[in-house]
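Following: one structure in structure tokens, then a few remarks.
Residue numbers (the numbering used here): 46 to 124.
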């Protein structure tokens, strides 16, 4: 799951990302890897890729700060 999300970020949201390493615990917004528009694109990708609708009340920084946070959120929704 982490690799799918990281690959999407590297391939779709970051220009010239071939040499960039993204750790699952790296702050996506605070680290400047993803901006607010990129975050919305990422949420859209996650909804399509993992076939779920993310309710507005779940769109908080705690769920999307890092790839690990996103994975934990998705795992909690699968339970």
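The beta-carbon is built from N, C-alpha and C at its ideal position, and this holds for glycine as well.
Inset, instruction - Please name the residue in 114, 48, 85 and 111 whose C-alpha comes closest to that of residue 101. - result: Here residue 101 refers to the residue found at position 56 of the chain shown. The residue with the shortest Cα to Cα distance from residue 101 is 85.
Inset, instruction - Confirm, please, whether the CB-CB distance from residue 69 to residue 123 is below 8 Å. - result: Here residue 123 refers to the residue found at position 78 when the chain shown is read from its first residue. Here residue 69 refers to the residue found at position 24 when the chain shown is read from its first residue. Result no, Cβ atoms of residue 123 and residue 69 do not sit closer than 8 Å.
Legend entry - Whole-angstrom C-beta distance between residue 73 and residue 104, which should lie under 8 Å: As a working note, residue 104 is residue 59 in the chain shown. As a working note, residue 73 is residue 28 in the chain shown. Contact doesn't hold; Cβ gap of about 14 Å is too wide.
Inset, instruction - Return yes when the Cβ of residue 78 is within less than 8 Å of the Cβ of residue 91, no when it is not. - result: Sequence index remark: in the chain shown, residue 91 carries index 46 (1-based). Sequence index remark: in the chain shown, residue 78 carries index 33 (1-based). No, the Cβ-Cβ distance between residue 91 and residue 78 is not below 8 Å.
Legend entry - Straight-line gap, residue 93 to residue 81 (C-alpha atoms, nearest Å): As a first step, residue 93 is located in the chain shown; it is residue number 48 there, counting from the start. As a first step, residue 81 is located in the chain shown; it is residue number 36 there, counting from the start. Distance between the alpha carbons of residue 93 and residue 81: 19 Å.
Legend entry - Beta-carbon contacts of residue 49 that lie in its chain and below 8 Å, excluding the five residues immediately before and after: By 1-based counting over the chain shown, the position of residue 49 is 4. For residue 49, where only same-chain residues beyond five positions count, the Cβ hits under 8 Å are 94.
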